[in-house]
Structures are given as structure tokens and as C-alpha cells.
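Under the working numbering, the first residue of the sequence shown carries the number 54, and numbering increases by one thereafter.
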Amino acid sequence: MPHRIVIAAFAAIVFSAGVSAQSPRSYRLQLKPHAQVSAGSAAFVQGTASAAGDRFFVENLSIIQPVIVTLITETPGADVRLQLSKYRFDVADKSASTKGTGKATFKLRTQGEMKIVVSGADSSKYQLIVWAGSELKPDPPPVVLKGGVSGESRGPWLWVLLGIVAIGIALFAMKRRGKGATYALLAVCGAALLSSTAQAQTPRGITPDRLWQDADKLLELAELGSDTLRDFREFQEAFEHLNEGDGQYDPDYTPEGMPEVPISCTTEECQQCYERAIGRLNFTRVTFEQLRAIYQSTTNMADKAMSFGDSASGVHALSGLSWQYSKRGIETELATLGRSYDEKYTGLLGTLRSSLDEMAACEREHFDNPDWYNRFGFIYYTFMEDRYRR
């Protein structure tokens with residue numbers, strides 16, 4: 054769905070601005086696993102640099118996913134520029150040149166879409182590698198206080214982060230994309246690179262064995278080390294945000310004002326009663342944050358596209374009419390996204406309530422505390438309900 058929204062917006066913008074049909078076209082990169090790459094998924098492209106530049110984009114990235122973009126040239130002296138951006142191809146958030154080293158690399162993280170421009174004035178041959186690792190899901194800090202009801206010492210549980218988080222988010226992502234994934238794009242070289250049209254000097258997808266250097270060495274995967282990719286804090290330090298606005302999508306499992314959830318249990322005997330409920334509660338915390346990031350990044354992208362379209366559509370009356378038609382389509386897609394969010398939100402609230410009810414049952418059974426939900430569970434439920442309501 055984000056791709057569908059942006060395509061509609063920029064189609065109208067291009068028309069309203071009077072851009073010719075010969076303007077640079079963009080290519081969607083599909084990241085896939087490769088035997089020659091030790092981890093994650095990647096796309097490999099070879100092309101010839103031009104002043105106009107080759108434009109690419111990658112969709113559905115996660116803020117908790119490491120991303121590496123590397124550009125190399127056939128000769129070290131070639132001056133080919135690599136530009137990365139969040140919203141517009143012509144406004145770079147990051148930029149570097151291969152001049153002198155034959156290589157430019159960015160390690161980053163972002164939510165949603167990333168745009169890439171490769172340009173140069175001397176027709177130098179280049180290879181572009183885009184790699185994304187698996188999502189790093191940090192354990193949320195404890196919110197359940199063992200012995201908190203009776204005021205005894207606090208001790209954290211061993212948190213269980215459910216593996217189905219990824220499944221839930223994937224299902225939501227597929228639903229929010231809707232029919233957007235069916236855009237008619239031409240597959241090039243094993244579908245590593247998709248283009249809306251064929252043209253002279255078109256960059257083409259290649260396999261890792263066609264690279265001028267070893268893929269793992271280029272991406273510096275060995276230098277990262279497994280510890281960096283396991284430890285969430287080190288990951289955040291090693292991979293900076295693509296755009297200054299990406300910070301709002303970082304997971305925040307203990308937002309300001311979040312109440313704690315005290316329970317009476319202090320021993321392993323009663324802990325077994327609570328274990329499943331605590332695992333489900335943490336599942337909702339993690340999934341709510343991923344849901345929030347997906348929704349906010351998509352709506353922010355659409356808002357910026359519509360704002361740009363509104364400002365660019367006043368050149369000619371006909372272009373203004375065209376933009377209004379496209380804008381209605383974007384608004385329709387946003388409404389569909391909102392309904393999908395609400396459906397997932399309601400389901401997660403149901404899971405949260407069920408987990409709190411399980412804790413309340415444990416309090417009644419083991420500690421003769423029939424009023425636990427009204428005293429503690431209700432407060433936490435209400436906070437989460439308000440925080441994630443769109």
C-alpha cells in the first residue's frame with residue numbers, strides 16, 4: 054500500500070510539473086537470500102553512471118532491521134555519487150562519492166521505503182549492492198513486578214518473546230499493501246530488479262558471482278560480528294537513521310506514564326501460573342510498537358506526498374484536476390489502511406485483556422485476591438488502549 058500511495062502521488066506531481074516522458078525512471082529492488090551471502094537478503098545491480106542518475110527504491114523495511122547500501126566502481130578513480138533519501142529522490146538525506154576509493158557505503162535503518170540515486174558524469178560502470186538483515190527484536194523491559202502487590206522485593210521474569218510476532222506483522226503488512234503489490238513492473242535478470250519500462254543503458258540485476266569483489270567483504274558482514282547483530286544497543290549505534298524523522302519509529306516499550314503490573318507471586322511454584330499470561334502480554338507490547346511504526350511511517354509518507362502534490366498542482370488548471378483525482382485515490386488507500394490498523398488494534402487489545410484476565414485468575418487462585426484486575430489490570434489496559442488508538 055505505501056508504494057501504491059506514493060506512485061499515485063508522484064504520477065500527478067510529474068504531470069503537474071510538466072516533466073517530460075524522458076525523465077529518470079525508478080526501479081524497485083527485490084531483496085532475496087543468496088548462497089554467496091552469509092546472512093540476510095540482498096539485491097545486486099550493475100549499470101553505467103549518468104548525470105541524470107539511476108533511481109531505485111526498496112520497500113517494507115523495518116526500523117529494527119540492519120540495512121547496508123554499497124556502491125563500487127570498476128576503477129577507483131571514478132567519481133560516482135550515491136544518494137539515499139526517505140521521501141524524494143531529489144532531496145538526499147545521505148550522500149557519498151566513490152572517488153579515490155572506488156567504494157561508498159552506508160549502514161542504516163529506516164521504516165518503510167528507502168530511495169537510492171546513483172549518478173556520475175563520466176559514464177563509469179558501477180555495481181550497487183543493497184542488503185538487509187533479519188529484524189532484531191529486543192526483549193521488552195519488565196513491566197510485571199513480582200511481589201509488587203505485597204510490597205516485597207522486585208524481581209524480573211525471564212521474558213518469553215513469542216515467535217509469532219513476525220507472523221502477525223507480516224500478515225498486517227500484506228494486508229496493508231493490498232493490490233499495490235500487483236503493479237505491472239518488468240522483471241530484469243531473475244526479478245532482482247524491476248522497472249516500469251525498458252530503456253537504453255538500463256541498469257540490470259546481476260548475481261553475486263558477477264560482482265567485482267566478494268559480497269560478504271563488500272558488505273563488511275564479517276567485520277560487524279555476531280555480537281553487534283544480536284545486541285540491540287550496539288545495533289542502534291552501528292546503524293544510524295536514514296532520516297532524522299526515523300527516530301519516531303524506534304520501539305519504545307516503556308513510554309512515559311506506563312503503569313507497572315504488580316503481582317503477588319514471589320516463588321517458582323506460583324510462577325508457572327503466570328508464565329503464559331506474561332508471555333502474551335509481552336507479545337502485545339512488541340506487536341503494538343511494530344504496528345505503530347508501520348502505520349505512522351505510511352501515513353507520514355502519504356502526507357508529505359499530498360503536501361508536495363498540492364504545492365505543485367497549481368501550475369495549470371488541467372494538472373490541478375489530475376492531481377485532485379489522484380489525491381482522492383491516496384485518501385481512499387489511507388482509509389483502507391486505517392481500517393486495517395483498527396482491526397489489528399482491536400485483536401491485540403483482546404489478547405492483552407485475555408492475558409490480564411489470566412493473571413487475575415492466578416491472583417484469585419493462589420493469593421485470594423479477587424479484585425486484582427480492577428486495582429491493577431484495568432489501569433494498564435486503559436493506558437495501552439489510549440496509547441495505540443489512532
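Beta carbons: idealized from backbone N, C-alpha and C, even for Gly. In this text the structure is predicted, and so the values were computed from the model without any measurement.
**Request:** Report yes if the C-beta distance between SER150 and ASP175 is below 8 Å; otherwise report no.
**Result:** Taking the C-beta atoms as reference points, ASP175 is found no nearer than 8 Å to SER150.
**Of the listed residues TYR179, ALA145, ALA95, GLN83, nearest to SER103 (C-alpha basis)** = Comparing alpha carbon positions, the residue from TYR179, ALA145, ALA95, GLN83 closest to SER103 is TYR179.
**Neighbour-count burial assignment, ARG108, 16 or more Cβ in a 10 Å radius** = Buried.
**Asked** Among PHE429, ARG443, SER138, PRO315, which has the Cα closest to the Cα of THR399?
**Response** The residue with the shortest Cα to Cα distance from THR399 is ARG443.
**Asked** Do you know offhand how far PHE110's Cα is from VAL122's?
**Response** When rounded, the distance between both Cα atoms is 12 Å.
**Request:** Output yes or no for whether 8 Å exceeds the beta carbon distance between LEU264 and LEU271.
**Result:** Cβ distance < 8 Å, so LEU264 and LEU271 count as in contact.
**Proximity of LEU124 and LEU181 at Cβ, strictly below 8 Å** = Yes, these two residues count as a Cβ contact at 8 Å.
**Prompt:** Excluding five sequence neighbours on each side, which residues of the same chain lie with their C-beta closer than 7 Å to the C-beta of PRO312?
**Reply:** In its chain, beyond the 5 residues on either side, ILE432, TYR433, PHE436 have a beta carbon closer than 7 Å to the beta carbon of PRO312.
**Message:** Give me the residue from SER375, ALA414, LEU409, ALA355 with the minimum Cα distance to LEU390.
**Reply:** Measuring from the Cα of LEU390, the nearest candidate turns out to be ALA355.
**Message:** With a threshold of 8 Å on Cβ separation, who are the neighbours of GLN301 within its own chain once the five nearest residues in sequence on each side are excluded?
**Reply:** Result list for GLN301: GLN349, in chain order.
**Asked** Cα separation between PRO119 and ASN422?
**Response** Cα-Cα distance, rounded: 46 Å.
**Item:** Start-to-end residues for the beta strand (DSSP E) that takes in LYS357
**Value:** Run containing LYS357: none in the beta strand (DSSP E); it sits in the alpha helix (DSSP H), 321 to 365.
**Message:** Is the separation between the beta-carbon of ALA96 and that of GLN83 shorter than 8 Å?
**Reply:** For the pair ALA96 and GLN83, the CB atoms are nearer than the 8 Å cut-off.
**Request:** Excluding the 5 residues preceding and the 5 following PRO191 in the sequence, name in chain order all residues of the same chain whose CB lies nearer than 6 Å to its CB.
**Result:** PHE285, listed in sequence order.
**Request:** Look at the alpha carbon of SER393 and the alpha carbon of THR351, and state the distance between them as a whole number of angstroms.
**Result:** Rounded to whole angstroms, SER393 to THR351 spans 13 Å at the Cα level.
**Cβ-based burial, ARG338 [other Cβ within 10 Å; buried from 16]** = Buried, since its Cβ has 16 or more Cβ neighbours within 10 Å.
**Message:** Classify THR163: buried if its beta carbon has 16 or more other beta carbons within 10 angstroms, exposed otherwise.
**Reply:** With 16 or more Cβ atoms within 10 Å of its Cβ, THR163 is classed as buried.
**Prompt:** Start and end of the beta strand (DSSP E) containing PHE292?
**Reply:** Element bounds for PHE292: n/a, residue is neither H nor E.
**Asked** Using CA coordinates, which residue listed in GLU438, SER79, ASP439 is at the minimum distance from ARG257?
**Response** Comparing Cα positions, the closest option is SER79.
**Asked** How long is the line joining the alpha carbons of GLU438 and LEU198, rounded to whole angstroms?
**Response** When rounded, the distance between both Cα atoms is 21 Å.
**Request:** Using the Cα positions of ALA413 and ALA330, report the straight-line distance between them to the nearest angstrom.
**Result:** ALA330 has its alpha-carbon roughly 10 Å from the corresponding atom of ALA413.
**Asked** Just the Cα atoms here: how many angstroms apart are PRO193 and THR101?
**Response** In a straight line, the C-alpha of PRO193 is about 46 Å away from that of THR101.
**Asked** In the structure shown, what three-state DSSP assignment does TRP184 receive?
**Response** For TRP184, the secondary structure class from DSSP, reduced to helix, strand or coil, is strand.
**Request:** Starting from the Cα of ASN427, find the closest Cα among HIS419, GLU418, ARG406, TYR441 and give me that residue.
**Result:** Put simply, of HIS419, GLU418, ARG406, TYR441 the residue whose alpha carbon is nearest the alpha carbon of ASN427 is ARG406.
**Asked** Starting from ASP269 and walking both ways along the alpha helix (DSSP H), at which residues does that stretch end?
**Response** Counting along the chain, the alpha helix (DSSP H) containing ASP269 begins and ends at 268 to 272.
**Message:** Give me the residue from THR260, SER317, ALA346 with the minimum Cα distance to ASP299.
**Reply:** For ASP299, the nearest C-alpha among the options comes from ALA346.
**Message:** Just to confirm the assignment, what range does the alpha helix (DSSP H) spanning ILE432 have?
**Reply:** Element bounds for ILE432: 431 to 440.
**Item:** Nearest-angstrom Cα separation, counted from TYR306 out to ARG333
**Value:** Between the alpha carbons of ARG333 and TYR306 lies a gap of roughly 14 Å.
**Asked** So, are the CB atoms of PRO261 and GLN99 less than 8 Å apart?
**Response** No, they are not a contact pair.
**Prompt:** Rounded to a whole number of angstroms, what is the C-alpha to C-alpha distance between ALA388 and GLU396?
**Reply:** When rounded, the distance between both Cα atoms is 13 Å.
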